[in-house]
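Under the numbering used here, residues 388 to 436 are what the sequence shown spells out, in order. Notes for the one structure printed next.
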Amino acid sequence: MFRRILGMVTLLGMLGTIAGCNTIEGMGKDIERGGEATQDTAKDVKNRM
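Have a look at this one:
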């Protein structure tokens, strides 16, 4: 029962993510922007040290 509910929640989350990006290309751009933001934050922290 718990596995079924967990599976449904996971599936709905994945569908929401894909629908929010509209296309695979859009999803790739979103992931790339997230990576760039992480890099920028890491550089800021390094410069403060």
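Built from N, CA and C at the ideal position, the CB exists for glycine as well.
DSSP state of residue i mapped onto helix, strand, coil
{"i": "Thr410", "result": "coil"}
{"i": "Met401", "result": "helix"}
{"i": "Met388", "result": "coil"}
{"i": "Met436", "result": "coil"}
8 Å CB neighbourhood of residue i in its chain, flanking five on each side removed
{"i": "Thr404", "result": "Met414"}
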